[in-house]
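In the working numbering, the protein residues as written are 2 to 167.
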């Protein structure tokens, strides 16, 4: 009997070990199922990250292209603005020359008007010609003053632009 009980005891121990192994295999199976599920989630997440990265790369390329286009457009506009500024400078200089000429003409006209008015006899015709002369003198002075004011305004307008360009 001892041989029988010893065999039975060994078989019971083997049966218990098999039950424990089956239970442990069941637990491992559940863990593997969860791991595979996590692996699928991880693969999906990686796929989404790859897609997002590709979209971001395309967006960056688009932004680079837009920045290059803006740079070219801004460069063209800046060049055009410099050309307009140079043209305005030339016109301002030409306007200043015209103002100086007009001022010289007005001063010469003022100097000639009293000299021309002195030898004329006090005839009614001469009186009529003398009456417009002060108006012309005032007109010449007004024109000279207006031209000088315009030149000052243009120079004042030009100063802030030259300071900003420097």
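Note that CB positions come from ideal geometry on N, CA and C, so glycine has one too.
Below 8 Å on the Cβ atoms is my contact criterion, and I expect residue 148 with residue 108 to pass it. Report the Cβ-Cβ distance as a whole number of Å.
Translated into positions along the chain shown, residue 148 becomes position 147. Translated into positions along the chain shown, residue 108 becomes position 107. Between residue 148 and residue 108 a beta carbon distance of about 12 Å is seen, past the 8 Å cut, so the two are scored as non-contacting.
If you draw a straight line from the C-alpha of residue 101 to the C-alpha of residue 158, how long is it?
Translated into positions along the chain shown, residue 101 becomes position 100. Translated into positions along the chain shown, residue 158 becomes position 157. Residue 101 and residue 158 have their C-alpha atoms roughly 19 Å apart.
Rounded C-alpha distance that separates residue 153 from residue 97:
The sequence position of residue 153 within the chain shown is 152, counting from 1. The sequence position of residue 97 within the chain shown is 96, counting from 1. Going by the C-alpha atoms only, they are around 10 Å apart.
How should residue 145 be labelled, buried or exposed, when 16 other C-beta atoms within 10 angstroms of its C-beta is the threshold for buried?
Counting from 1 along the chain shown, the entry for residue 145 is found at position 144. So residue 145 ends up on the buried side.
What's the C-alpha gap between residue 30 and residue 64?
On the chain shown, position 29 is the one that residue 30 refers to. On the chain shown, position 63 is the one that residue 64 refers to. Cα to Cα, residue 30 sits roughly 50 Å from residue 64.
What residues in its chain sit with their C-beta under 6 Å from that of residue 20, if we drop five residues either side in the sequence?
Reading the chain shown from its first residue, position 19 is the one you call residue 20. Closer than 6 Å at Cβ, skipping near neighbours: no residue.
CB contact flag (residue 155, residue 93, <8 Å):
Here residue 155 corresponds to residue number 154 of the chain shown, with the count starting at 1. Here residue 93 corresponds to residue number 92 of the chain shown, with the count starting at 1. Yes, they are a contact pair.
Reduced DSSP secondary structure (H/G/I, E/B, other) of residue 156
Residue mapping note: residue 156 aligns to position 155 of the chain shown, counting from 1. Secondary structure at residue 156: helix, using DSSP grouped into helix, strand and coil.
At the level of alpha carbons, what is the spacing between residue 49 and residue 10?
Within the chain shown, numbered from 1, the residue matching residue 49 stands at position 48. Within the chain shown, numbered from 1, the residue matching residue 10 stands at position 9. So the two alpha carbons sit approximately 58 Å from each other.
Nearest-angstrom Cα distance between residue 113 and residue 106?
Here residue 113 corresponds to residue number 112 of the chain shown, with the count starting at 1. Here residue 106 corresponds to residue number 105 of the chain shown, with the count starting at 1. Cα-Cα distance, rounded: 10 Å.
Would you kindly work out how many angstroms separate the C-alpha atoms of residue 85 and residue 77, rounded to a whole number?
Here residue 85 corresponds to residue number 84 of the chain shown, with the count starting at 1. Here residue 77 corresponds to residue number 76 of the chain shown, with the count starting at 1. Looking at the backbone, the Cα of residue 85 and that of residue 77 are separated by about 12 Å.
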